[in-house]
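The opening position of the sequence shown corresponds to residue 1 in UniProt numbering, with each subsequent residue numbered one higher.
Beta carbons: idealized from backbone N, C-alpha and C, even for Gly.
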Amino acid sequence: MLKIPLELSLTTDVCSKPSASVSLLSLTAHGIIKDFIGIKIILICSSLQGRHTSDINYDNFKMMLREWNIQDEQLHCFVRYDGSDMVRAMRLADIPDVSCTHYVFVLRLKPLK
Numbered sequence: 001m002l003k004i005p006l007e008l009s010l011t012t013d014v015c016s017k018p019s020a021s022v023s024l025l026s027l028t029a030h031g032i033i034k035d036f037i038g039i040k041i042i043l044i045c046s047s048l049q050g051r052h053t054s055d056i057n058y059d060n061f062k063m064m065l066r067e068w069n070i071q072d073e074q075l076h077c078f079v080r081y082d083g084s085d086m087v088r089a090m091r092l093a094d095i096p097d098v099s100c101t102h103y104v105f106v107l108r109l110k111p112l113k
């Protein structure tokens, strides 16, 4: 199994395709291993059926972290999109998190095209 650094920053996103009735939940780990080598690992990308509410996202995060044996004390920060479902899921999980600035800019600037 892959050696996971002691402290991690994680990114997560839910991509939805309404016409295909499918959503994908991804989890990516970022960290530094010995000799200050940066790593980026796609830990999981799973399909979600139905709605992805904050409660469902919370359950999925906890399951994904357990699956990779990532302890709460290893989490430096979770970078997530700005949706209220994701914000509340992080609050439920008591995980330190920040909104992805790039995602916010894309959403805000898209209507200006």
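query	result
Looking at C-alpha atoms only, which residue of E7, H52, S54, L27 is the closest neighbour of K34?	E7
If you reduce the DSSP assignment to three classes, tell me which class D94 lands in.	coil
Where does the unbroken alpha helix (DSSP H) through D13 begin, and where does it stop?	Looking at the DSSP string, D13 is not in any alpha helix (DSSP H); the run it does join, the beta strand (DSSP E), is 8-17.
Taking F78 as part of the beta strand (DSSP E), name the residues at either end of that continuous run.	75-80
Tell me whether the stretch 34-50 and the stretch 72-85 touch, counting them as touching only if at least three CB pairs, one residue from each stretch, are closer than 8 Å.	no
Once the 5 residues before and after V22 are set aside, which same chain residues still bring their CB inside 7 Å of it?	S47
With I56 as the anchor, note down where its alpha helix (DSSP H) starts and where it stops.	54-67
Going by beta carbon distance, what residues of the same chain come within less than 7 Å of M1, once the five residues before and after it are set aside?	Confidence at M1 is low in this model, with a pLDDT of 48, below 50, so its placement is unreliable and no value can be given for it.
Using only the alpha-carbon positions, how far apart do S99 and I39 sit?	21 Å
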